[in-house]
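Number of protein chains: 2
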Amino acid sequence: MTLTSRPGTTAEPVGSGGGTGLPGARRYLDIGDLSLESGVTLSGVRICYESWGQLNERGDNAVLVEHALTGDSHVVGPPGPDHPTPGWWEGLIGLGSPLDERYFVVAANVLGGCRGTTGPSSPAPDGQPYGSRFPAITVRDQVKAEAALAEHLGISSFAAVLGGSMGGMRALEWGVTYPAQVRRVIAVATTAAASGDQIAWAASQLAAIRMDPDFAGGDYYAGRPPLRGLSVARQIAHTTYRSGYELNTRFGRARQDDGPQFAVESYLDHHGTKLGRRFDANSYMVLTEAMNAHDIGRGRGGVEAVLQRFSPRLTAAVVDSDRLYTPAEGARLATARGAAPLVTMHSDHGHDGFLIEAAQVAAVVRGALA
Amino acid sequence: MTLTSRPGTTAEPVGSGGGTGLPGARRYLDIGDLSLESGVTLSGVRICYESWGQLNERGDNAVLVEHALTGDSHVVGPPGPDHPTPGWWEGLIGLGSPLDERYFVVAANVLGGCRGTTGPSSPAPDGQPYGSRFPAITVRDQVKAEAALAEHLGISSFAAVLGGSMGGMRALEWGVTYPAQVRRVIAVATTAAASGDQIAWAASQLAAIRMDPDFAGGDYYAGRPPLRGLSVARQIAHTTYRSGYELNTRFGRARQDDGPQFAVESYLDHHGTKLGRRFDANSYMVLTEAMNAHDIGRGRGGVEAVLQRFSPRLTAAVVDSDRLYTPAEGARLATARGAAPLVTMHSDHGHDGFLIEAAQVAAVVRGALA
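Residue numbers (my numbering), protein chains in the order written: chain V, 1 to 370; chain H, 371 to 740.
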């Protein structure tokens, strides 16, 4: 990759602050055709991103923040017309934060998602949504698309690429694919390769969405979206995202409003329904399958070999109560060449601690950048 | 309860050894109307059971073995016309086994199930299957039905009531409800009350079955059964039944027959589909909801108070890698008055270790009966 030579076309900005350069405003870049790891070409790919701060003359003060499965480019800031949710890592970016005015911070919506970057709900060349025609993609494909964005922005190298969960997968792939352009990787609550256990939890989620009659094989955009299937998938996922301790102490056997439903059932139903209002089921499946395929060692001699020649400074952090991306998986990352000692964050909340314990994440980022 | 006074009507025996008294042959008992904990009366209740050995003259050498969610009365023995599966605790009953000729061993199919005892697929008084009309039942209702069977059989007291998982719930309820008739309770991989975490795992399973269009609100017996919903539910459950360690080491990232599907996905799909061939979705839901409602302390001053006045000798056993019914829940049971020290079994298989590690279970039973 030559990060300064590849042309990109800036598409017409859309949204509240589009084109004004205001912090947190979504912007769009058309990067043209993308040749995928599978050999398939995805045509007319558009990247939607936000940025904060200014790139320096050397183009080397950039930081890339990678969002998780149902996250987006809106790392910090209030909700708005472009942003159904407030920032998911508040306190990370801005004056007094770890990513302050010294940095040019970029966050792109992921390839395959549904927040402005090309995904299954985007129009295919025939003008109709891809739906079931959207190809399988990998984390490496997602990183390749982001590299085109970095090139367009004139970034020569990143001070850090960081992310949690699925975002940590992209951060790790950045470090392996573009070692000369990434000085630090900060990988939070993630793994070098999806485990059998993680793939197992995903299996019932994918099956639930496929079972929803509204799914229609993925071509549902002219009709009702498969909200029930997506809700069941989210309920399964959400349970894996929280700790048993939290579910037992926060809800236990309490009933919702003294009715027949248990409070924890109502809680999961709420989260399942809520996701359907802001997320596309096809994106959920495409991204889940990309996570299943995630393996930094694929075609490279295996995970251990890749970690032994890892070039950027790697900081791995885990949540002590995480039962989905277990501390052992972070400890494996911390065996990488030159890696910082494993950082163990404390949270009662399980995997979601990587979002909830924002102050601890900020300390991890501050420490990694020091 | 007066175990010797209540009349029961023995229904016409059905099955390979019915009426012959041969070991393991299914027999039926009509216990009439059953007044449920909810106040609802379930009419014309039939219990299907198997027994091994002979009741002594005092009627006090009986042992009741309680099966788990998708188990049945066929504790030991080969599959046959009555038994879709081989015995699930082979080695527990018979000469040289912990439950040998000294004991009269009884195993009943659970109320609400689908293996011969009245459940949602049974005919209601109008001759049509109950379906959605089947009432909510509790573990206490299940135990009450079994008490009618014990009475009919002339059992004055049980040397032990034992079971694992959902079967352990019934064993515990037996010990609380009929303290004078139960000398020992052996509770394996189970809990005093369903936890918030267990209810959470059940929530997505119930939602998956309800979402299947073939479910038809529970009244599907004239059409296709909701096999896809039941399969998704089983896939979720099966993942909770196994340990992450096992799924990671046994399957990891291996592909099935070098195809696109992961081996662990194929494994879960196989187990989901297989259950549909032998189990009724309405029973799955009714029994799951009974487990959710399980709480030996309900209406009795709470779990701790009940444990402090527990009368039978309680032996609690856990599987060290069980992530669904955690060792902590067994340790809580072992605080019961006069309880034996907690027995921790070792298995890499997680919750299902309570079935897989039959030799360790046999040792637990032998020890408890010594």
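Every residue, glycine too, gets a C-beta built ideally from N, C-alpha and C. Every value quoted in this text rests on a predicted model; they were computed, and no experiment measured them.
For D496/H, the number of other beta carbons within 10 angstroms of its own is below 16, and it is reported as exposed. Spanning the alpha carbons of G223/V and L324/V requires a straight line of approximately 34 Å.
Below the 7 Å Cβ cutoff, chain V contributes M211 as neighbours of G599/H, in chain order.
In the three-state reduction of the DSSP assignment, W89/V falls in the coil class, being assigned neither a helical nor a strand state. The beta carbon of S132/V does not come within 8 Å of any beta carbon belonging to chain H, so the residue lies off that interface. Straight through space, the alpha carbons of T561/H and Y548/H are spaced by roughly 19 Å. Secondary structure in the stretch 123–192 of chain V: the beta strand (DSSP E) runs of 3 residues or longer, each lying completely within the stretch, are 158–164 and 184–188 in chain order. At a C-beta separation below 9 Å, V634/H has these neighbours in chain V: G196, D197, I199, A200 and A203. Taking 8 Å as the upper bound for CB-CB distance, F724/H and V731/H are in contact here, some 7 Å apart. With at least 16 other beta carbons inside 10 angstroms of its own, A150/V counts as buried.
Taking each of H152/V, G350/V and E50/V in turn and checking the Cα distance to T326/V, the smallest one comes out for G350/V.
With 16 or more neighbouring CB atoms inside 10 Å of its own CB, H238/V falls in the buried class.
A contact is defined here as three or more CB-CB pairs under 8 Å, and the stretch 234–248 of chain V fails this definition with respect to the stretch 626–643 of chain H. Its Cα nearest to that of I31/V, the residue E146/V stands out among E146/V, V185/V, A254/V and Y241/V. The Cβ neighbour count for Q424/H, taken over all protein chains shown within 10 Å, is under 16; the residue is labelled exposed. Taking a contact as a CB-CB distance under 8 Å, the pair I507/H and A660/H counts as one, their CB atoms being some 5 Å apart.
CA-to-CA, the gap between R623/H and V63/V works out to about 32 Å. Between A159/V and the set L275/V, R46/V and T315/V, the nearest pair of CA atoms involves T315/V. Residue environment for P226/V: buried (at least 16 other C-beta atoms within 10 angstroms of its C-beta). Residue environment: P493/H is assigned as exposed (fewer than 16 neighbouring CB atoms within 10 Å of its CB, all protein chains considered). When Cβ-Cβ separations below 8 Å define contact, R670/H makes no contact with chain V. Think of a sphere of 8 Å around the beta carbon of R623/H: the chain V residues whose beta carbon falls inside it are A193, A194, S195, G196, I199 and D295, in chain order. At a cut-off of 8 Å between beta carbons, I47/V makes no contact with chain H.
In chain order, A203, S204 and A207 make up the part of chain V whose C-beta sits under 7 Å from the C-beta of Q605/H. Per the C-alpha coordinates, the member of N61/V, L92/V, R255/V and G59/V positioned closest to H74/V is L92/V. Annotated three-state conformation of H453/H is strand, per DSSP. Its chain contains C418, D442, S443, R485, G486 and T487 as the residues whose beta carbon lies nearer than 6 Å to that of N479/H, once the 5 sequence neighbours on both sides are disregarded; these appear in chain order.
Under the criterion of beta carbons closer than 8 Å, S613/H and D718/H qualify as touching, at roughly 6 Å. L617/H reaches chain V at G196, D197 and A200, counting residues in chain order whose Cβ is nearer than 7 Å.
For A281/V, the enclosing alpha helix (DSSP H) covers residues A281 to A293. At a Cβ-Cβ threshold of 8 Å, P312/V and R184/V count as neighbours. Sequence-ordered contacts of the stretch 266–282 of chain V with chain H read L268 [C-beta pairs closer than 7 Å]. Looking at the DSSP output, T714/H shares a beta bridge with V688/H. At a cut-off of 8 Å between beta carbons, G244/V contacts chain H. If you draw a straight line from the Cα of L406/H to the Cα of L542/H, it comes to about 18 Å. Residue-level contact by beta carbon holds for V232/V and chain H, with a gap shorter than 8 Å.
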